[in-house]
Structures are given as C-alpha cells and as structure tokens.
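First the structure, in the form of structure tokens, and then the observations on it.
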Amino acid sequence: MRPFRLGVIAGEASGDALALRFLAALRERLGDRPIELCGVGDHGLPEAGLRPLFPQADIAVMGFGPVIARLPLLLRRMEDAARGIAAFEPDLLLTIDSPDFCLRVAKKVRARAPSIPIVHWVCPSVWAWRSGRARRMAPHVDRILALLPFEPAALARLHGPETIYVGHPLMERLDEMRPDADEQRRRDDAGRPLVLVLPGSRRSEIHHLMPVFGEAVAKVAAVVPGARFALPAVPRLQAMIAEAAARWPVGPEIVTGDAAKLAAFRGARAALAASGTVTLELALSQIPTVAAYRGANWEAFLARRLVKLPSVILPNLILGRSIVPEFIQEEATAEALSSHLLAALAEGDKRQEQLDGFIEVETIMRSAGPSPAANAVAAALALLPSEQAG
C-alpha cells in the first residue's frame, strides 16, 4: 500500500497543535494506510513522524525588529522549505497559520511543483486589513480552512481562494471551559464575584493597558468590596505582568498554567480584556466582557487607517451586531471601563444581553459540526483524486 505523503509547514506552537489534530483525524480517515510526513514543525510533530527540513526555531520570530534582524535567514528558509516540499512530492501540502511565511512558501511550491494541492488552515485576517492579500493568494492556495464562520463570505467578496468553514478548535474544549454546578453557584454570587483581567499577549498591549486596567479594577472594587480579580499570564510575560500589577491599588491573583486558567474562566462572573481572540474564548465560556485597545499613537493611527470594520471584537463580528462593549485608545478610560464592567457584573439587561448573544455565537460556531480537525481533513482530501484520498 502506497503511503500517503503529507507536507506540513507550521511556524509556531499553535500551528503544531493544529497539525497534530489534522494528523490524528487523517489517520482515522485513512485507516491502515501509512502516512509519511515532511516539512516544518515542532512540539510533538517530529515524534509523530515529521521529517523536519530545518528547525522551526529559525522562523519562529515576532515583531518588526526581530523579523528585520533575521530576514536573510527567513528568506533562505522559505527557499529551503519550498525546495524540500517539492522534492518530497506530497499528495497534499498543508500550511498552517503564520501567513507571512507560509503563504510565501506556498507561492514558491506552486512555481516549482504546480501539481501539488495546497491547503492553508487558519484564514489570514484579510477581512480586517490588507484585503489585497486575498486576491494574491488565489493563484497558489487551492483552499482555505477557516476557523470563523464569516470568513468564507468575506474571502469570496475579496476574490480570494475557495474558503470552507471547518470550525474552531475551542469548540472541542467547551466542557473544560464551562462551570460545573458548584462553579456556577460561585459564578452566580454577585456579592463576591471573580473578575478576569486579560491585558493581551503582546508586550505593547500589556504596557499600554495595565495602568488603565488597574485604575478600572480599583473603581470596581470600591463599589463591590467583595470582588476578586484573577490575571492569567503566560510564562514569558508573567514577570512583566506581575511587575505592572504590583502598582495597582487592588492586587489581582496572577494565574499561570492552562489548568489554572481554565479554572479561573469557569469561576469568573465577568472579564476586562484586550480586544483580541480571547474575546471569543470568553464568549464561549459565557463570561460577560468589556474589551479595550490601547497602543502607541502611531499604532492607533495606522489601525484606524487600515482596519475597515465596525468592530474588532470576534463575537460582535460573528453576530453582525455589537454585544461586547469595546473602547479604543482615548475612549478606554478607567471610568468607561469600570462602569461597563459593573454593568456586566450586575444582574440586569446589559449582562443578560451578552449572555443571550453568546448563546447565538455558540449556535453559529457549531454549524460546522463537532470536529474541526475531521472537517479540515475532509475538506482537504476533497481536492484530491479518489485514488489518492482513499
């Protein structure tokens, strides 16, 4: 039996996790047929059989300055990846997220080996900014696998590649994110509520949001003396967050580790969050939220020029209406944030409007079915002739 050959390009840990899910679903689909893997990845992929073309660490870089410093290596690795994949001659090339690297590799692979089907998992945010990327992807990406339900229509409108909504990985973790009966009773205690504070995952976000979040937390604590505050932090940012939180009038509990973060989510009654993908996680966890963005003046200027959306909050975009209040730059004051956070904590119309909206978000997100990975495999294999896909 001829092995199924899968090329994989994953540029960071989140992409590795998706690749492993895809591989597990592919093995279930193909049964006893062996699978050969070649490409770029880490965090379990080599152990799963991936033959790496080079270390993923060579391309795992974020931020304008670090990218410029490593640009010669990045350009060389794009060529190495394209050459290696073309030589491997896979039945399918799966590129995952990291669009600035992956989509350039896809273009080079298409030039070297036009017959290789190419699928990209995680739609770039072309619907938010740099919309011209959608049309430029079309010649060298055969299909995009989208995590968000509004993305297929957006890509069609922008003349991008065919896009299929396969579902979001968060949908497979709802049981971990939702409170049990005891946790729900604690969540319902409006006199001693737990408030999540999530200042973002980038240093610039944390630098600009932590001071005003601290002021807002103090105002909430003055009105609700029993309120408790939890601040989840990833290890690489824990020291920065703890140092900033030490200057707050009211000290939060710094929460580290995935298990502790999930426990905090299950117990939280409301959240104050940076306007990012975490707002979707909060919505699916049924946690009323107030969202904010603050950045350097030049960042805010560019964002206003480039982002052509009525909202940057994913639950709002999924519903097509605003249910999560958001405050941008100078609007993100302690007074505005605290007043809306108090409304999210209190029993009343504002809180209930969010909770009802979050049920709608979940219903829409469930439309793809129970397994995003199985959906992704089905959508990818549909591009192949039956003798290759079976």
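Numbering-wise (my numbering), the sequence shown opens with residue 9 and increments by one.
Ideal Cβ placement from N, Cα and C applies to all residues, glycine included.
Quick caveat: nothing in here was measured; it's all calculated off a predicted structure.
- About 6 angstroms separates the CB atoms of R277 and L353; that is less than 8 angstroms, so the two are in contact.
- Pairwise C-beta distances place the region 230–250 out of contact with the region 153–171, as fewer than three of them are shorter than 8 angstroms.
- Burial is judged here by how many other beta carbons sit within 10 angstroms of a residue's own beta carbon; D99 has at least 16 and is buried.
- Nearest Cα to E223 within the set D364, L14, R374 and S346: S346.
- Nearest Cα to V320 within the set A267, G175, V113 and A282: A282.
- DSSP places L202 within a strand segment (E or B) once states are collapsed to three.
- Contact between A272 and V263 holds, since their C-beta atoms are separated by about 5 angstroms, short of 8 angstroms.
- In the DSSP assignment, T371 falls outside any beta strand (DSSP E) and within the unbroken alpha helix (DSSP H) covering D357 to M373.
- Taken through DSSP and simplified to helix, strand or coil, C131 comes out as coil.
- Taking a C-beta distance under 8 angstroms as the contact criterion, K116 and E87 qualify as a contact pair.
- DSSP places F62 in the coil class of the three-state scheme, outside both helix and strand.
- In this structure, N383 is the residue among L391, A387, N383 and S394 with its C-alpha nearest to the C-alpha of P177.
- In the structure shown, the three-state DSSP call for F30 is helix.
- Put simply, the backbone Cα of A344 is about 23 angstroms away from that of S209.
- For the set P147, W256 and W135, the Cα lying nearest the Cα of A154 is the one of W135.
- R302 is positioned such that its CB atom lies no closer than 8 angstroms to that of H167.
- Per DSSP, reduced to three states, the secondary structure at P333 is coil, with no helix or strand assignment.
- Residues of the same chain with a CB within less than 7 angstroms of the CB of P63, apart from the 5 flanking positions on each side, do not exist.
- By the neighbour-count definition (other C-beta atoms within 10 Å, threshold 16), V231 is an exposed residue.
- Per DSSP, F109 lies in no beta strand (DSSP E); the unbroken alpha helix (DSSP H) holding it starts and ends at P107 to R120.
- Just so you know, the alpha carbons of G365 and P11 end up roughly 46 angstroms apart.
- Listed in chain order, the non-local C-beta contacts of K227 below 7 angstroms within the same chain comprise A342 and S346, local neighbours out to five positions each way being set aside.
- Out of A247, K269, R59 and R78, the CA that lies nearest to the CA of R186 is found in K269.
- Residue pairing for F12: DSSP places it in a beta bridge opposite I43.
- The alpha helix (DSSP H) runs lying completely inside the region 267–292 and spanning 4 residues or more are 286–292, given in chain order.
- Across the set G275, A340 and L34, the C-alpha of A340 shows the shortest separation from the C-alpha of V220.
- Beta bridge pairing from DSSP links I326 with no other residue.
- Beta-bridge annotation (DSSP): R236 is paired with L202.
- Contact between the region 190–210 and the region 40–52 is absent: fewer than 3 CB-CB pairs across the two stretches fall below 8 angstroms.
- When rounded, the separation of the alpha-carbon atoms in P122 and S293 is 43 angstroms.
- As the crow flies, the alpha-carbon of G259 is around 18 angstroms from that of G275.
- Looking at the backbone, the Cα of I152 and that of R374 are separated by about 19 angstroms.
- With a contact defined as Cβ atoms closer than 8 angstroms, I172 and H148 miss out at about 18 angstroms.
- Residue burial annotation: S212 is exposed, with fewer than 16 other C-beta atoms found within 10 angstroms of its C-beta.
- Annotated as distal: R118 and P132, with beta-carbon spacing of 8 angstroms or more.
- Beta-bridge partners assigned by DSSP to R91: none are found.
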